[in-house]
Amino acid sequence: MKYWKIWSLFMLALAVVACSKDDTPSEEQNDSFNREAMLVNWADNIIIPSYTSLDVSLDNLQSETAIFVTTPTLGGLIEVRNAWENSYVAFQNVSMFEIGKAEELNYRNRLNVYPTNTSEIEGFIADGNYDLSLPSTIDAQGFPALDYLLFGLADTDEEILAFYTTNPNAEGYRMYLSALTETMATLTNTVLTDWTTNFRASFVANTSSSATGSVDKLANDYILYYEKSLRAGKVGIPAGVFSSDPLPQNVEGFYKRDISKKLLTTSITASKNFFNGKTFNGSATGPSFKTYLDFLNTIKNEGDLSTLINTQFDVALTEVNGLENNFVNQINTDNSKMLTTYDELQRNVILLKVDMLQALDINVDFVDTDGD
Amino acid sequence: MTWNSTSYFNKNTEAAPLAVFRIFFGLMMFVSIVRFWSYGWIDKLYIQPEFFFSYYGFEWVQPLGVYTYLLFAVCGLSAVCVALGYKYRIAIVVFFLSFTYIELLDKTTYLNHYYFISCLSFLLIWLPANAYFSIDAWRNTTKAFKKIPQWTTDSIKALLFIVYFYAGLAKLNSDWLLNAMPLKIWLPSKYDLPFLGDILQQEWVHYAFSWGGAVYDLAIPFLLLYKRTRWFAFGLVVIFHVMTRVLFPIGMFPYVMIVSALIFFDAGLHHKILNFIARIFKLNKQKIDSISEEKIVRFKSGIPIKIAAAFLAIQLLLPWRYLAYPDELFWTEEGYRFSWRVMLMEKAGYAQFKVVDTATEKQFFVDNTDFLHPLQEKQMSTQPDFILQYAHFLGAHFKTQGHENVAVFTESYVALNGRLSQPYIDPKIDLMKIQDDFAHKDWILKFNDTIKGL
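Sequence order for the protein chains is G and P. Counting in our numbering, the first sequence runs from 1 upward without gaps. Counting in our numbering, the second sequence runs from 373 upward without gaps.
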């Protein structure tokens with residue numbers, strides 16, 4: 001009996017100590033962060049509107065292309081180019097959402113693998129025989145392939161136009177151009193339709209904390225995109241961070257040249273807006289990583305991580321602002337500015353991947369094994 | 373009553389508790405192996421990887437490719453033999469060797485639980501766990517005994533005592549007790565658990581779990597030792613481990629610990645368990661008892677007891693080796709492993725490696741996913757010995773690619789227990805010039821904070 005008494009006293013004492021730790025409760029501590037509301041904000045205010053905008057833009061690209069291939073004129077070429085540029089910029093707003101149908105279709109790679117494989121493209125055009133759904137063809141399609149076909153075939157616009165008019169295989173070029181734009185429009189439409197018809201419901205409902213939960217998955221997708229596609233793809237790789245020498249031929253929009261900066265700026269801004277839960281093309285903000293971190297911060301009383309991340313996005317954007325529109329020029333004349341930009345982008349990889357994921361207790365590319 | 377070592381070592385006890393322990397241990401291990409296999413982890417963790425993080429001094433333990441399956445099969449089979457008490461001595465030696473070999477393959481997968489299994493199976497080699505209720509004893513009645521020396525079961529109790537008590541001591545630090553870290557990170561993320569999800573968001577719950585966990589670990593070995601509190605303690609063991617199972621992905625370990633705690637009970641309970649097993653398998657327990665009579669196991673040599681004693685002494689001392697190192701243990705992890713520091717910290721990191729050709733001054737960064745699987749990358753980025761090993765691997769790799777005069781630098785950041793990340797390894801150090809040893813790693817940057825306590 002004696003032990004029981006001692007034991008209960010012990011427990012009581014501990015309970016008192018434990019509770020007294022709690023005598024300075026943080027203000028307005030909510031019971032729980034509403035993840036479903038965050039998923040709804042992501043889906044309805046950011047993801048679906050972004051895809052819709054791209055979808056409209058690609059429809060326009062498709063119809064401009066249709067006009068051009070029927071009667072190839074210089075004016076028509078310019079129209080296709082403009083539509084391509086608008087779509088490429090719009091694409092930067094959806095590229096990070098590689099989830100659901102997009103993941104299944106390998107959407108980002110279907111639309112934006114660069115540098116594009118020009119000899120493969122020329123081979124396909126000469127052959128007239130290609131299947132763009134084959135994984136081996138991802139570097140012969142999408143925006144970079146169009147970049148080549150619209151800007152890279154020759155030095156002058158007239159010479160480029162000649163590929164679609166007087167070239168012995170003009171028909172082949174026109175057909176490939178149509179096939180590319182059609183594939184891109186179809187893929188995008190498939191992803192968007194899936195979001196609006198069924199994926200949204202399961203996405204929003206899947207508030208599970210496991211690795212298959214929507215928050216975990218999209219957080220991983222978002223960071224993977226930021227690290228690999230944005231930081232490395234758009235800046236690091238062409239600037240030679242991962243190779244012995246710079247690789248200017250690997251910039252995004254290589255043939256158009258002066259578009260690289262615009263694409264980069266758009267993608268950073270899109271990443272920042274997603275972090276802050278900012279409505280697409282609007283100014284309202286909703287539940288997001290930022291508000292989630294701020295909520296957890298009220299428990300943790302640590303440094304203000306969301307502010308640090310936002311500041312770092314701004315620093316990176318400022319750095320990008322100082323770059324030339326044409327990254328090939330920038331790399332060839334003063335690559336150090338590209339490297340500084342890379343460094344500033346890199347800082348946010350650490351804040352997002354280490355600090356944010358730790359705060360949210362999300363595993364990076366979850367490996368399903370036992371823990372300690 | 374004065375302590376008399378000779379009389380203690382001559383003391384005997386029933387063989388049944390150790391027999392029950394053997395049966396459950398063997399079964400648990402068999403299930404663990406099957407489970408591991410069925411999840412495809414053999415392929416994922418031991419065959420697919422291109423690079424393995426060896427333990428210091430065990431670089432000769434190399435992966436066996438497709439024969440790794442055979443190794444697991446041998447390990448699982450020996451576990452069954454242990455449970456049956458069939459050719460027990462050979463079986464437990466084979467189990468210990470095969471299991472430990474698997475664990476030594478890659479320290480990425482180091483878990484205290486696995487280390488515990490290796491320790492336990494090593495100890496079991498020296499104990500007469502097949503003396504009773506075993507095929508060995510059934511086939512050869514000269515090997516059947518009802519009683520065994522007291523120290524044999526006590527040595528298992530001692531190991532369990534160390535595991536719990538040291539896990540409790542490790543929790544006596546300011547992060548755990550005063551900041552409720554890392555539970556303050558882990559628990560809120562379990563928001564979708566039925567019933568518990570909401571309460572786990574409360575700060576007081578994080579403190580209650582932290583303090584409760586520390587008190588549990590420190591008190592449970594004593595409560596299990598005292599007869600009056602034993603059942604109560606066992607109830608706590610069940611609740612605690614089931615709770616950890618619900619909250620964290622820790623596989624079979626909770627069940628192993630629950631079953632192991634049975635060793636503390638008197639033989640009456642174990643006879644009931646064995647009766648139950650006998651009924652299921654239609655064995656005649658009276659006959660098993662009769663062949664064992666009241667015979668007592670007598671060790672022919674003093675070696676087993678000396679080894680067991682030395683082993684336990686090492687277990688007592690090894691966890692304190694961290695005191696020989698300066699700087700924060702959680703930060704440098706010098707002397708962190710093999711010390712029952714279980715679920716003690718949340719550490720996340722990021723390490724980028726820069727390969728420099730010192731002759732041409734050309735340099736590039738490495739994409740870690742080219743060489744490591746995500747779990748390896750995660751473990752590598754927060755532990756200095758991993759970082760060093762990986763750097764040497766990269767150096768060697770790029771030398772074979774034709775680069776000469778290779779230097780490898782790392783830019784790494786680590787966040788510990790919810791603190792903001794800070795630089796980890798000195799980025800100016802050429803890791804190729806450093807050899808791993810037991811000396812303090814002065815190329816780890818200083819931790820910007822202090823964690824007080826043990």
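C-beta: ideal position from N, C-alpha, C; glycine also.
Same chain, Cβ closer than 8 Å to residue i, five either side skipped, listed in chain order
| i | result |
| --- | --- |
| D22 (chain G) | For D22 (chain G), the predicted structure reports a pLDDT of 36, less than 50, and the residue's modelled location is therefore unreliable. A value from the coordinates is still provided. None. |
| E575 (chain P) | A552, K556 |
| F402 (chain P) | G448, A451, V452, A455 |
| V69 (chain G) | Y164, R174, M175, L177, S178 |
| F408 (chain P) | I414, F444 |
| I350 (chain G) | none |
Cβ shell of residue i (< 6 Å), same chain only, five flanking positions each side left out
| i | result |
| --- | --- |
| T704 (chain P) | I816 |
| V714 (chain P) | N484, A539 |
| S260 (chain G) | V251, E252, G253, F327 |
| S50 (chain G) | N93, V94, F280 |
| F397 (chain P) | none |
| N30 (chain G) | Confidence in N30 (chain G) is poor, its pLDDT being 46 and thus under 50, which makes the residue's placement too unreliable to answer from. |
| P421 (chain P) | H745 |
Distance, residue j Cα to residue i Cα
| i | j | result |
| --- | --- | --- |
| F494 (chain P) | V465 (chain P) | 8 Å |
| D216 (chain G) | I99 (chain G) | 11 Å |
| D658 (chain P) | K678 (chain P) | The question names Asp, but residue 658 (chain P) is Gln in the sequence shown. Each residue's alpha carbon lies about 35 Å from the other. |
| N374 (chain G) | F488 (chain P) | Nothing about residue 374 (chain G) can be reported from this structure: the residues present for chain G run from 1 to 372 only. |
| W7 (chain G) | T525 (chain P) | The pLDDT assigned to W7 (chain G) is 47, lower than 50, so where the model puts this residue is not dependable; a value taken from the coordinates is nonetheless given after this. Going by the C-alpha atoms only, they are around 27 Å apart. |
| L74 (chain G) | S283 (chain G) | 39 Å |
| G322 (chain G) | S336 (chain G) | 12 Å |
| A530 (chain P) | M356 (chain G) | 42 Å |
| I405 (chain P) | F444 (chain P) | 7 Å |
| E28 (chain G) | D570 (chain P) | Model confidence at E28 (chain G) stands at a pLDDT of 36, short of 50, so the residue's coordinates are unreliable and nothing is read from them. |
| L544 (chain P) | P560 (chain P) | 22 Å |
| A650 (chain P) | I462 (chain P) | 25 Å |
| N106 (chain G) | A90 (chain G) | 18 Å |
| V772 (chain P) | A503 (chain P) | The sequence shown places Thr at residue 772 (chain P), rather than the Val named in the question. T772 (chain P) and A503 (chain P): Cα-Cα distance of roughly 56 Å. |
| D589 (chain P) | F537 (chain P) | 6 Å |
| S32 (chain G) | L572 (chain P) | 9 Å |
| Q434 (chain P) | S470 (chain P) | 13 Å |
| E158 (chain G) | D258 (chain G) | 20 Å |
| F625 (chain P) | E475 (chain P) | 15 Å |
| F295 (chain G) | S793 (chain P) | 19 Å |
| T285 (chain G) | N34 (chain G) | 15 Å |
| R394 (chain P) | L550 (chain P) | 41 Å |
Own chain, CB closer than 7 Å to residue i, minus 5 neighbours either side, in chain order
| i | result |
| --- | --- |
| K813 (chain P) | T704, E706, P756 |
| T340 (chain G) | E319 |
| A140 (chain G) | T116, N117, E120, I121, F124 |
| L352 (chain G) | I223, Y226, I309 |
| N109 (chain G) | I138 |
| D194 (chain G) | G100, K101 |
| I676 (chain P) | The amino acid at residue 676 (chain P) is misidentified as Ile; the sequence shows Pro. Contacts found: W498. |
Assumed close pair residue i, residue j - CB separation to whole angstroms, cut-off 8 Å
| i | j | result |
| --- | --- | --- |
| Y722 (chain P) | V235 (chain G) | About 18 Å; that fails the 8 Å criterion. |
| K519 (chain P) | E666 (chain P) | 7 Å |
| F199 (chain G) | L39 (chain G) | F199 (chain G) to L39 (chain G), Cβ: 12 Å. No contact. |
| A763 (chain P) | F725 (chain P) | 6 Å |
| P389 (chain P) | F637 (chain P) | 7 Å |
**OP:** Could I get the ranges of all uninterrupted alpha helix (DSSP H) runs contained in the region 316-372 of chain G, with 4 residues as the minimum, in chain order?
**Re:** 327-350, 357-360
**OP:** Could you name each continuous beta strand (DSSP E) segment of 3 residues or more that falls completely within the region 179-237 of chain G, going from the start of the chain to the end?
**Re:** none
**OP:** Please name the residues in the region 374-392 of chain P whose beta-carbon is closer than 9 Å to at least one beta-carbon of chain G, in chain order.
**Re:** none
Subject >> Whole runs of the alpha helix (DSSP H) within the region 551-590 of chain P, excluding any shorter than 4 residues >> reply: 555-558
Original post:
Got a sec: which bits of the region 729-743 of chain P sit with their beta carbon under 9 Å from any beta carbon on chain G, in order along the chain?
Top reply: The residues in question are D729, T732, K734, Q735, F736, F737, V738, D739, T741.
Original post:
Using a Cβ cut-off of 7 Å, which residues of the region 542-567 of chain P contact any Cβ in chain G, in chain order?
Top reply: K556, I557, W558, P560, S561, K562, Y563, D564
Original post:
Just by C-beta distance, which residues in the region 711-730 of chain P are closer than 7 Å to chain G?
Top reply: V714, M715, E718, A720, G721, Y722
**OP:** Can you give me, in chain order, the residues of the region 232-256 of chain G that have a beta carbon less than 9 Å from any beta carbon in chain P?
**Re:** Along the region 232-256 of chain G, going in chain order, the ones with a CB nearer than 9 Å to a CB of chain P are A232, G236, G240, V241, F242, S243, S244, D245.
Subject >> Where the region 183-215 of chain G meets chain P: residues whose CB sits under 9 Å from a CB there >> reply: T207, S208, S209, S210, G213
**OP:** Check each residue of the region 334-353 of chain G: if its Cβ is closer than 9 Å to any Cβ of chain P, include it; give the result in chain order.
**Re:** So the list reads Q346, V349, I350, L351, K353, given in the order they occur along the chain.
**OP:** Could you please tell me which residues of the region 763-790 of chain P, in chain order, have their CB closer than 7 Å to any CB of chain G?
**Re:** Y785, A787, G790
**OP:** Would you list, in chain order, the members of the region 571-605 of chain P that have their beta-carbon closer than 7 Å to a beta-carbon of chain G?
**Re:** Q573, E575, W576, Y579, A580, W583, V587, Y598, R600, T601
**OP:** Would you list, in chain order, the members of the region 465-478 of chain P that have their beta-carbon closer than 8 Å to a beta-carbon of chain G?
**Re:** Within the region 465-478 of chain P, not one residue has a Cβ closer than 8 Å to any Cβ of chain G.
Subject >> Cβ-based contacts, 9 Å cut-off: residues of the region 92-107 of chain G near chain P >> reply: none
Subject >> Residues of the region 611-629 of chain P whose Cβ lies closer than 7 Å to any Cβ of chain G, in chain order >> reply: Residues of the region 611-629 of chain P with a C-beta atom less than 7 Å from some C-beta of chain G are F620, P621, I622, G623, listed in chain order.
Original post:
Given a limit of 8 Å on CB to CB distance, which residues of the region 793-814 of chain P reach chain G?
Top reply: S793
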